[in-house]
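Taking it in order: structure first as structure tokens, then the write-up.
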Amino acid sequence: MSAGVPERDEQFEILDCSAVVADIWLLLDNECDAGARERLQGHLDGCPSCLEHYGVQRQLKALISRKCGGDAAPEGLRERLRVEIRRSVTIQQRTFGADQ
Ligand SMILES: [Zn+2]
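Whatever position you read off the sequence shown (first residue = 1), add 24 for the numbering used here.
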């Protein structure tokens, strides 16, 4: 019996949300390999909160490339847009979820 089986593989399979959120930019920038992309998308399929975050990031990226004409945005701008988009998404959700 071999002791000390590495848990690494398992952690790699089961992405937790914070890891997904951290990697979403890579996914959007096409900077992750096919395996990572598959894992991320698999997680997004089953995790509404990460999927929502992904949607926010995607809008953010589109906005940044429109405003800056490139993929590099200053961190301050990125952060500000993130807050704005997040707010509008929250408002939309509230509208959809409101009692009629
Ligand atoms: Zn998640």
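Glycine residues also receive a C-beta, built at the ideal position from the N, C-alpha and C atoms.
The three-state reading of DSSP puts Pro72 in helix, counting H, G and I together. At least 8 Å separates the beta-carbon of Ile88 from that of Arg111.
The Cβ atoms of Lys91 and Leu52 do not sit closer than 8 Å to each other. Residues Leu84 of the same chain have their beta carbon placed closer than 6 Å to that of Arg106, with the five preceding and five following residues left out of the count. Distances between the C-beta of Ser73 and the heavy atoms of ligand 1 include at least one below 7 Å.
DSSP places Glu55 in the coil class of the three-state scheme, outside both helix and strand.
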